[in-house]
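Student:
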Amino acid sequence: MARSLVLSLTLAFLFIGMVSARDWNILNQFKGLKPTKTTTSQKGVTTLKDPNLTGYCESWRINVELHNIRDFTVVPQDGEQLNTTKFEEWQSWGKAPAVPNMVKLFHEIRERGFKIFLVSSRKEYLRSATVENLIEAGYHGWSNLLLRGEEEEKKSVTQYKADVRTWLTSLGYKVWGVMGAQWNSFAGCPVPKRTFKLPNSIYYIA
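Residues -21 to -1, 1 to 185, numbered by mature numbering (1 follows the signal peptide of the UniProt record, and there is no 0), are exactly what the sequence shown covers, in order.
Encoded structure:
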């Protein structure tokens, strides 16, 4: 299990700089669908409901299930269930490998003039192990590593990461992009210019 987890999937990258790109959102795909007509039984009033992506979502879900059945190495048949204590113990080892090509992307972004802030829901006492792990994995030159102190631990991960973005904007930064493996990295305000959701085959947090 430890070898399967990767450090980069626990971190969200905040890119601050100059970027211009067209926003994309799956919800915008509604434009090509026709609304469905339904009748309210009580009043006999014909109303229009929003189009849905039922067929699309079912096809996507089945695709994922089929790939899991194929015995991919990222979805092991046997694994060890980790609780918080064991997971933090693994984090303290500082041996997490980088996701292939992510280190290259990290440095390409940095060389373009972006200030990169690494935001993690890890606890503050894991800072030394995390910094050593990052450097050993090839991540260096970032502006700051933000971890959760005692006060931040009382907040949800969503609120914590939203507060970090608020703090950065209060310092005069503009958050141009957020990259993360969980949707809670993007929720809340202020909303970044772009969001990049990385796949995570290990766990999912709603």
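Idealized CB from N, CA, C, for every residue including glycine.
#1: What are the boundary residues of the alpha helix (DSSP H) that includes ILE181?
#2: Since ASN179 contacts ALA160 with CB under 8 Å, what's their CB separation in whole angstroms?
#3: Name the one or two DSSP bridge partners that THR64 has.
#4: Are the CB atoms of PRO169 and VAL154 nearer to each other than 8 Å?
#5: Per DSSP, LEU125 forms a beta bridge with which residues?
#6: What does the Cβ neighbour count give for THR109, buried or exposed, with the cut at 16 atoms within 10 Å?
#7: To which residues of the same chain is PRO171 closer than 8 Å at the C-beta, ignoring the five residues directly before and after it?
#8: Given SER135, which residues of its chain have a CB within under 8 Å of its CB, disregarding the five upstream and five downstream residues?
#9: Is SER99 buried or exposed, if buried means 16 or more other CB atoms sit within 10 Å of its CB?
#10: Given this structure, state the Cα-to-Cα distance separating TYR182 from ASN62, to the nearest angstrom.
#11: Between PRO66 and TYR152, what straight-line distance do the alpha-carbon atoms span, to the nearest angstrom?
Tutor: In this structure, then:
#1: One-based indexing of the sequence shown puts residue 181 at position 202. Careful: ILE181 lies outside any alpha helix (DSSP H) and carries neither H nor E.
#2: Position 200 of the sequence shown, counting from 1, holds the residue named residue 179. Position 181 of the sequence shown, counting from 1, holds the residue named residue 160. Between ALA160 and ASN179 the Cβ distance is about 4 Å, and since that is below 8 Å, they are a contact.
#3: For the purposes of this step, residue 64 is taken as residue 85 along the sequence shown, with counting starting at 1. Within the DSSP secondary-structure output, THR64 pairs in no beta bridge.
#4: The residue labelled residue 169 in the question sits at position 190 within the sequence shown. The residue labelled residue 154 in the question sits at position 175 within the sequence shown. It is a contact, given that the beta carbons lie within the stated cut-off.
#5: Here residue 125 corresponds to residue number 146 of the sequence shown, with the count starting at 1. For LEU125, which the question treats as bridged, DSSP gives the partners VAL98.
#6: Position 130 of the sequence shown, counted from the first residue, corresponds to residue 109. The residue in question, THR109, is buried, as its Cβ has 16 or more Cβ neighbours within 10 Å.
#7: Within the sequence shown, residue 171 is the residue found at index 192, counting from 1. Cβ contact annotation for PRO171 (same chain, cutoff 8 Å, sequence separation greater than five): LEU(-8), ARG144, VAL154, TRP155, GLY156, VAL157 and PHE165, in chain order.
#8: Position 156 of the sequence shown, counted from the first residue, corresponds to residue 135. Excluding residues within five positions, the ones whose Cβ falls inside 8 Å are ASN163.
#9: As a first step, residue 99 is located in the sequence shown; it is residue number 120 there, counting from the start. Within a 10 Å sphere around the beta-carbon of SER99 sit 16 or more other beta-carbons, which makes this residue buried.
#10: Position 203 of the sequence shown, counting from 1, holds the residue named residue 182. Position 83 of the sequence shown, counting from 1, holds the residue named residue 62. Distance from the CA of TYR182 to the CA of ASN62, rounded to the nearest whole angstrom, comes to 13 Å.
#11: Within the sequence shown, the letter at position 87 stands for residue 66. Within the sequence shown, the letter at position 173 stands for residue 152. According to the sequence provided, residue 66 is Phe. The question's Pro does not apply to it. The straight-line gap from Cα to Cα measures roughly 33 Å.
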